[in-house]
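Engineer: What follows is a structure written as structure tokens; I'll ask about it next.
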Amino acid sequence: MSKRKKETKAVPVTPETVIRSRLRRLADYEDVKSFISKLIWMAVLLVILFGVFFGVTRMNDNDMSPRISSGDVLFYYRLGNNFRTQDVVVFEKDGTQYVGRIVAQGGDSVEVTDESTLKINGSTMVESDIFYSTPKYGDEVEYPLELAEDQYFILCDYRDGAKDSRYFGAVENSEIKGKVLAVLRRSNL
Numbered sequence: 001m002s003k004r005k006k007e008t009k010a011v012p013v014t015p016e017t018v019i020r021s022r023l024r025r026l027a028d029y030e031d032v033k034s035f036i037s038k039l040i041w042m043a044v045l046l047v048i049l050f051g052v053f054f055g056v057t058r059m060n061d062n063d064m065s066p067r068i069s070s071g072d073v074l075f076y077y078r079l080g081n082n083f084r085t086q087d088v089v090v091f092e093k094d095g096t097q098y099v100g101r102i103v104a105q106g107g108d109s110v111e112v113t114d115e116s117t118l119k120i121n122g123s124t125m126v127e128s129d130i131f132y133s134t135p136k137y138g139d140e141v142e143y144p145l146e147l148a149e150d151q152y153f154i155l156c157d158y159r160d161g162a163k164d165s166r167y168f169g170a171v172e173n174s175e176i177k178g179k180v181l182a183v184l185r186r187s188n189l
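Take 1 as the starting number for the sequence shown in UniProt numbering and just add one per residue.
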């Protein structure tokens, strides 16, 4: 039995074939270099966007239930500092981060009564979106509380047991990290 040798055609090595081969390798190298460059620029842009303009945090408890649940991811805008009532904000008190809704701002008088009602400037607040009473937390905060120009009174939507302004008083403007813009639901992950 005879074995057949595979015949392979040898490509003649000419200057043109060598140049073509090297140009192909150079084009591949340039594509990789371009891709890596774009990837680095994208990473720098994301660091700037989420380090300066926007923030991302995870809701760790149900203090904002039913609107925001534990495990939801919150995107917030860092640069704004003129907040209004009903804005949901991320703020920091004593090294701990919280999420809450602004119910009163600078110049307002706030009172949480023994009957678990919230009064702003002497008027009882009727909050159609809040399904829980607003109990007073001991003597931590003295009422009525007069808010200075750069202070806010922030409450959580789930009022029973949440740590908010009833626990630690007014929140300074400088303690607010940003206004929540979007919520990524845990159930959609």
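Idealized CB from N, CA, C, for every residue including glycine.
Work out the CA separation of residue 87 and residue 104 for me, nearest whole Å.
Structural biologist: Going by the C-alpha atoms only, they are around 10 angstroms apart.
Engineer: At which residues does the alpha helix (DSSP H) containing residue 27 begin and terminate?
Structural biologist: First-last of the alpha helix (DSSP H) with residue 27: 15-48.
Engineer: If you check the beta carbons only, do residue 130 and residue 159 fall under 8 angstroms apart?
Structural biologist: Contact flag set, yes.
Engineer: Let me make sure I understand the geometry here. Which of 59, 118, 115, 113 has the alpha-carbon closest to that of residue 89?
Structural biologist: Among 59, 118, 115, 113, the Cα nearest to that of residue 89 belongs to 59.
Engineer: Going by the beta-carbon positions, is the gap between residue 170 and residue 155 smaller than 8 angstroms?
Structural biologist: No, these two residues do not count as a Cβ contact at 8 angstroms.
Engineer: Report back the beta-carbon spacing between residue 75 and residue 102 to the nearest angstrom; my notes put them in contact at under 8 angstroms.
Structural biologist: Not really, about 18 angstroms apart at Cβ, beyond 8 angstroms.
Engineer: Would you call the segment 25-32 and the segment 114-128 in contact, with 3 or more CB pairs under 8 angstroms?
Structural biologist: Counting Cβ pairs under 8 angstroms, fewer than three are found: no touch.
Engineer: Here's the rule: buried if 16 or more other CB atoms are within 10 angstroms of the residue's CB, otherwise exposed. What is residue 63?
Structural biologist: So residue 63 ends up on the buried side.
Engineer: Cβ atoms of residue 71 and residue 186: under 8 angstroms apart, would you say?
Structural biologist: Yes, they are a contact pair.
Engineer: Return the bridge partner residues of residue 104 from the DSSP annotation.
Structural biologist: Paired residues: 153.
Engineer: May I ask you to report which of helix, strand or coil DSSP gives residue 137?
Structural biologist: Three-state DSSP puts residue 137 in coil, outside helix and strand.
Engineer: On the three-state DSSP scale, how would you describe residue 51?
Structural biologist: Residue 51: helix per DSSP, three-state reduction.
Engineer: What number of angstroms, rounded off, separates the C-alpha of residue 134 from the C-alpha of residue 92?
Structural biologist: Cα-Cα distance, rounded: 22 angstroms.
Engineer: If you check the beta carbons only, do residue 143 and residue 111 fall under 8 angstroms apart?
Structural biologist: Contact flag set, yes.
Engineer: Label residue 118 either buried or exposed according to how many other C-beta atoms from any shown protein chain fall within 10 Å of its C-beta, with 16 as the threshold for buried.
Structural biologist: Classification for residue 118: buried.
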